[in-house]
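Note that our numbering has the sequence shown beginning at 294, numbered continuously upward.
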Amino acid sequence: MRIPIVAGNWKMNTSVAEAISKVESMKGPLEKIEGVDKVICPPFVSLFPLSNLLSSSSIKLGAQNVYFEEKGAFTGEISPLMLKDLCTYVILGHSERRGYFGEDDELINLKVRAVVKAGLLPILCVGESGEEKKEGRTEEVVGRQLRMALREVSLQPGLVIAYEPIWAIGKGIAASPEKADDICGFIRRVLQELYGDEGKETRIQYGGSVTEDNISSFVREENIDGALVGGASLEVEEFPHIVQKVAEAKGLK
Ligand code: 13P
294 MRIPIVAGNW KMNTSVAEAI SKVESMKGPL EKIEGVDKVI CPPFVSLFPL
344 SNLLSSSSIK LGAQNVYFEE KGAFTGEISP LMLKDLCTYV ILGHSERRGY
394 FGEDDELINL KVRAVVKAGL LPILCVGESG EEKKEGRTEE VVGRQLRMAL
444 REVSLQPGLV IAYEPIWAIG KGIAASPEKA DDICGFIRRV LQELYGDEGK
494 ETRIQYGGSV TEDNISSFVR EENIDGALVG GASLEVEEFP HIVQKVAEAK
544 GLK
């Protein structure tokens, strides 16, 4: 049985003070919800204060990026070793990093390996662009992203894959749940091909314009184990509602 997982990707939003205030508001409602793993991924600078605030909480933290080297002359970068006392997860391969910062599959693979080596868990994002979708290349693109990012990576029990079609991110237009489930099913088959039957136990999230109004329709699907939420995860009332709806749809509440 795969434990559902909902993660909030705050992207480049919130000052430290705002991040603390949001977590203080969401903490109580989120902690009441059982059976769903809850993750908040704030900007780097808020990880330290939030790790203190959540030290005995069921809410876990994630970073939004990392460099692959452990230490050295890499001005401006953050190493996995610096993160491992502060958080549990690291988002890797997000389409915004691929698109705006030129991250390619090789770099993402180096980051996945470094994160795993440090004992952190990747939330590995994959997804096609609108054009690739139109050309009927979704499976080709997603399959390549997965196989390359996971090259020479042994199966991590806590690994999370996020299927985020680029055309659905921040647009208010989500994918259809059936279509998203098809691709998540494809991702599961690739994981099985890479890792055997145990690979099928990896949790797969859907991401892209998830809200409290549409989340239930996604997690009712067989292959969708939760969501990676952008904009709506900054809303202190809506994010706990999303997690609550996941618990209800999965029959946990
Ligand atoms: P939105 O939920 O704002 O569409 O963002 C999705 C996303 O990119 C999460 O990583």
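Glycine included, each C-beta is placed from N, C-alpha and C at the ideal position.
Could you tell me the distance, in whole angstroms, from the CA atom of residue i to the CA atom of residue j?
i      : j      : result
GLU421 : GLY500 : 12 Å
LYS410 : ALA356 : 16 Å
ILE462 : VAL299 : 16 Å
ARG513 : GLU445 : 33 Å
GLY544 : ILE508 : 14 Å
THR495 : GLY423 : 26 Å
SER372 : TYR360 : 5 Å
CYS334 : ARG481 : 24 Å
MET375 : SER351 : 22 Å
TYR382 : SER339 : 15 Å
VAL316 : SER447 : 34 Å
Grab the span of the alpha helix (DSSP H) containing residue i for me, first residue to last.
i      : result
GLY523 : Unbroken run through GLY523: none, as it is neither H nor E.
GLN438 : 431–442
TYR499 : No alpha helix (DSSP H) holds TYR499; the beta strand (DSSP E) holding it covers 496–500.
LEU448 : LEU448 -> no alpha helix (DSSP H), and no H or E assigned at all.
ASN345 : 337–346
LYS427 : 423–427
VAL564 : There is no way to answer for residue 564, as the model of the chain reaches only from 294 to 546.
Helix, strand or coil: which one does DSSP assign to residue i?
i      : result
ASP330 : strand
PRO533 : helix
TYR488 : helix
LEU261 : This structure cannot speak to residue 261, because the chain is shown only from 294 to 546.
TYR393 : helix
LYS410 : helix
VAL503 : coil
ASN302 : strand
MET379 : Note on residue identity: the sequence assigns Leu, not Met, to residue 379. Looking at LEU379 - three-state DSSP - the assignment turns out to be coil, as it is neither helix nor strand.
VAL483 : helix
LEU403 : helix
VAL419 : strand
LEU385 : strand
Apply the 10 Å Cβ neighbour rule to residue i and answer buried if 16 or more other Cβ atoms are within range, or exposed otherwise.
i      : result
ASN302 : buried
MET319 : buried
ASP378 : exposed
THR431 : buried
GLU389 : buried
ASN358 : buried
PRO297 : buried
ASN345 : exposed
ASP518 : buried
Residue range of the beta strand (DSSP E) that residue i falls in?
i      : result
VAL453 : 453–456
ILE352 : 352–356
Checking contacts by CB at 8 Å: is residue i closer than that to chain C?
i      : result
GLU457 : Looking for chain C here will not work: only one protein chain is present.
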